[in-house]
Amino acid sequence: MKPKRYIVWSKREIDLEDSFQRKWYIEQVLSHGRSEDIRTLDYDEIKSLLPTMNISKNIRRVWENYFGDSV
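Position in the sequence shown (from 1) plus 2 gives the number in our numbering.
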């Protein structure tokens, strides 16, 4: 897929079938995306990846609060 430039500026194509690239892309969307970009993500996938994501403390806290004790 071709990511939006304001989300990912270092790559022209991302293989979302590759688990490493998919996780990295989700991290980028959570860090740099707009609300309409975040809405396109699978929230169950965010929830399962959250403990291992490389995102800022503030963004992590938002999602931990969103999911509550189930993370």
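Backbone N, C-alpha and C define an ideal beta-carbon position, used for all residues, glycine too.
Report all residues from its chain with a CB closer than 8 Å to the CB of Asp39; omit the five preceding and five following residues, and keep chain order. Lys6, Ile9, Val31
State the CB to CB distance for the pair Lys13 and Leu51, rounded to an integer number of angstroms; the pair is presumed to be in contact (CB under 8 Å). The Cβ separation is near 19 Å, so there is no contact.
From Leu18, Lys59, Ser58, Asn60, residue whose alpha carbon lies closest to that of Glu47: Leu18
Are the beta-carbon atoms of Ile57 and Ser33 separated by less than 8 Å? yes
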